[in-house]
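Q: What follows is a structure written as structure tokens; I'll ask about it next.
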Amino acid sequence: MYYYSFIILILFGLYIHINENKNSIEDFNRFDTLKFDLIVISISSLFVLFILDLLLNEIFIKFVHSIFSFGEIINSWPAWLRLLIALIIGDFGYYLVHRFLHLPIMWNSHKFHHSTINIYWFSGLRTSFLNSLIIRIPYLIGFQMLEINNENIAIAGILLLSINFWIHANLNFKYDKFLSYIFITPKFHRIHHVNDQKVSGSNFGNIFSIWDHLFKTAIISYEWHKSKKGEFVSWKKLPRRIIGF
Ligand SMILES: [Zn+2]
Ligand SMILES: [Zn+2]
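Everything in the sequence shown is counted per my numbering, starting at 542 for the first residue and increasing by one.
Structure follows, in structure tokens:
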């Protein structure tokens, strides 16, 4: 099942890549930044995976499980229902944590993600180590609360990766506005990346936009999609950006 999900992820990435060519929100050449993105994302992903493996080890997971688990009653519920509830809980936590990362005290750990100038499906993987660590914790708590086994956690991880491709896609999707009342869509998330302060404090969600609508941080607009995003990151500043301090 895990391998099938992985193949679906690659096909999904390819599908978005091809469709970005045909039906894009903004016009730019993805290959202008692809080299930088590939190097930077490979380094940060390896670093993140290595450190996360050390930090999110069995002892830590057991500790989280002992605090948050709903216990035996949950086991009789179907796996798909538990996974769905875990993702909803995790996603609410993500929303809160993402807002926290936008506070001045935390901004250095998050600004690497906001440095992308041309946003397309692959570019959303640009995150610092600290950002990756902090933002995973709410989902981790959700999975431990609902007794999700390791195989299903891996599948959920691939789903979250697909969502990252989706929300950063430079894709003019026909039902974007309609979907953005419940889910995060490419145009909805694009506004979150705009540098202008009028909109930069909006659209914090990852899977569901309901949290943004509920807490009045949602902006659905077509005026901002082509506005300036990101900032140039020099090679000198890169090590600090990758770690996130
Ligand atoms: Zn952000
Ligand atoms: Zn983003």
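Cβ coordinates follow ideal geometry from the N, Cα and C atoms, glycine included.
According to DSSP, is W770 part of a helix, a strand, or is it coil?
A: Going by the sequence as given, residue 770 is Lys instead of Trp. Of the three classes helix, strand and coil, the one that applies to K770 here is strand, per DSSP.
Q: Indicate, with yes or no, if ligand 2 has a heavy atom lying under 7 Å from the CB of G665.
A: yes
Q: Rounded C-beta distance between G683 and G634? I'm assuming under 8 Å.
A: 7 Å
Q: CA-CA distance, S650 and S673?
A: 9 Å
Q: Could you check whether P727 and I708 sit closer than 8 Å to each other, using their CB atoms as the reference points?
A: yes
Q: Among K777, S743 and E764, which residue has its Cα nearest to the Cα of K757?
A: S743
Q: Could you give the C-beta distance for K767 and E567, rounded to a whole number, given that I count them as a contact under 8 Å?
A: 6 Å
Q: Compare the beta carbon distance of I580 and F670 with 8 Å and say whether it is the shorter of the two.
A: For I580 and F670, no; Cβs fall outside 8 Å.
Q: Kindly give me the distance between the Cβ atoms of I600 and Q685, rounded to whole angstroms, as I take these residues to be in contact under 8 Å.
A: Cβ atoms of I600 and Q685 stay farther apart than 8 Å, at about 13 Å.
Q: Distance check for N711 and S741, CA to CA, integer angstroms please.
A: 18 Å
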